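All remarks here apply to the structure that follows.
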Amino acid sequence: MTALDTSLQDGHARAAVSHPKLIIASFEPLDQSSHWLNELVSFKTEGSALEMSVAILALRSTDADVAASLSAQAVLSPLPALDVTDDNYVTELVAYSDAEHILEPLWARFEAEELTAQDLIYFPRGHPILIRGIGAWLARRPPTLRPSVFFRIIGDELTDLDTGRYRARAAFYRLACSDLRTRPGQERVFFLVNSKAKARTVSRVCRRRPFMMQHHFGRTFADLPNATPTTPAIYVHLNNRSGTLAENLSEIVQRVTRAEPTVRFLVKIPARFANSIARLKRKARSSVEIISHEQSIEDYFTNLTRASLVWLAYDAQPYRALTSGTFTEAASLGKPVVVPQDTWMAEKIAEGYGVGVMFNDSAVRTVADALLSAVRNPDLAAAARAIAPRLGVETVAAGSSKV
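So for the sequence shown, this note's numbering puts the first residue at 1035; every next one is plus one.
So, in structure tokens, the structure goes:
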């Protein structure tokens, strides 16, 4: 059980006396197809089910309809990127040092909520300015008025996803955490991670014990169709980290359909891979349906249910640190998942939080063979459906999201 789980349960126990508050301050851009949005919807739903009063603060630039769907207040200004390089280190250090005043409106928002020690603040992503600032804010409040504060560390804050090496801005996290350790109330601040690799990195850089937080499976929509497709259908999820797999997509699809002509592909692919989309339409049009990259959450889940299995067409290296919301959502729907080996997703399958097949490189034959293995193994689908009901229940208070 994580520190966040414990705090949520403690808050539920006190709900008969007063409703604990959960304030979520999300500095990530939100849109209708974003896993960030899906995460916030889940927190709002589940916090309310625990009789918590949930308030969401979002960026001022958030679309009005998106903000309204969350009942969110679009009041936050963007934080400095702190995209540190050897050439701009001093400039970014000055920006970090001088940035404390930009958070005063946020602290004023928190104070207007009259938060106490029974309440929670959740930041879906860590940031050095926030970490240092929250320490200073907590220190100036009486102990009984210090809420618990949680930072989720995604993965690329501290390390380069392509190389696995520390990023230059990791030094700013070290500075922020060193400052935090000197502050009264620092014991109310918790770092959350959902992979062992990130836990090691946070411990080394921040010198602070992170708490493992299971990637959020959450609840899908109650009125989703639950029928198993009558013919094999593979939902293909590509993103900006798909690299070689996007280039090889049409060849992989053709190899699979030559071996199993009844297989269809539902392909969600970013517009940046226009050449791959064109090749796919030209060479495999009859077996492929291109799904818009911009989907509502309802459409996204509906399309997942149309598939008999889900292929996460990702390069492996970034996902040694990153997690995948699509993986957890597919698993929650009882879909077998085909994923790269030596990644967080493969680790979750080994731990029993999913069922699927791994591929160990991006070669056309390797990936096609993995897909065919999954298509031809009916036991995978049965096993995936068997574990799906418990996933949302076991992780319902854990929280997480988008990649």
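A virtual CB, placed ideally from N, CA and C, is assigned to each residue, including glycine. Remember, predicted model here, so these are calculated numbers, not experimental data.
Candidates ALA1173, THR1264, LYS1078, MET1392: which alpha carbon is nearest LEU1104's?
LYS1078
Would you say ALA1133 and ILE1090 are within 8 Å of each other, going by their C-beta atoms?
no
Can you name, in chain order, every residue of its own chain whose Cβ lies under 7 Å from the Cβ of ASP1213, other than the five neighbours on each side?
ARG1166, GLY1169
Within a Cβ cutoff of 8 Å, which residues of the same chain sit near THR1377, ignoring the five residues on either side of it in sequence?
TYR1348, ALA1350, TYR1353, ARG1354
Cβ separation of LEU1346 and MET1379, assumed to be a contact under 8 Å, to the nearest whole Å
6 Å
From ILE1311 to ALA1318, what distance separates their C-alpha atoms?
10 Å
Stretch-stretch touch, CB-based, cutoff 8 Å, three pairs: the region 1182-1196 with the region 1153-1162:
yes
Answer with buried or exposed for GLY1198, where buried requires no fewer than 16 other C-beta atoms within 10 angstroms of its C-beta.
exposed
Ignoring anything shorter than 4 residues or poking outside the region 1280-1344, list the alpha helix (DSSP H) runs there in chain order.
1283-1293, 1308-1318, 1331-1339
Do you know offhand how far LEU1064's Cα is from GLU1191's?
So the two alpha carbons sit approximately 19 Å from each other.
Is there contact here, the region 1411-1421 with the region 1290-1308, by at least three beta-carbon pairs under 8 Å?
By the Cβ criterion, the region 1411-1421 is not in contact with the region 1290-1308, since fewer than three pairs of Cβ atoms, one from each stretch, lie closer than 8 Å.
Would SER1326 pass as a contact of THR1291 if the rule is Cβ separation under 8 Å?
Going by C-beta atoms, SER1326 is not nearer than 8 Å to THR1291.
Among the residues of its own chain, which have a CB less than 6 Å from the CB of ARG1217, if the five just before and after it don't count?
GLY1169, ALA1173
Does the structure place the region 1199-1210 close enough to the region 1234-1241 that three or more beta carbon pairs sit under 8 Å?
yes
Check ALA1415 in the structure and name its three-state DSSP category.
Three-state DSSP puts ALA1415 in a helix.
Smallest Cα separation from ILE1324: which of ILE1331, ALA1308, GLU1332?
ALA1308
Grab me the residues of GLU1126's own chain with a C-beta within less than 6 Å of its C-beta, minus the 5 sequence neighbours each way, in chain order.
LEU1116, VAL1118
Whole beta strand (DSSP E) runs in the region 1164-1205 with 3 or more residues, listed along the chain?
Within the region 1164-1205, the beta strand (DSSP E) runs of at least 3 residues that lie entirely inside it are, in chain order, 1182-1186.
Go ahead and pull the three-state DSSP assignment for LYS1369.
coil
Among GLN1066, ARG1234, VAL1128, which one has its Cα closest to the Cα of VAL1100?
GLN1066
Can you look up HIS1046 in the DSSP assignment and give me helix, strand or coil?
Its pLDDT being 47, under 50, HIS1046 is placed unreliably by the model, and nothing is read from it.
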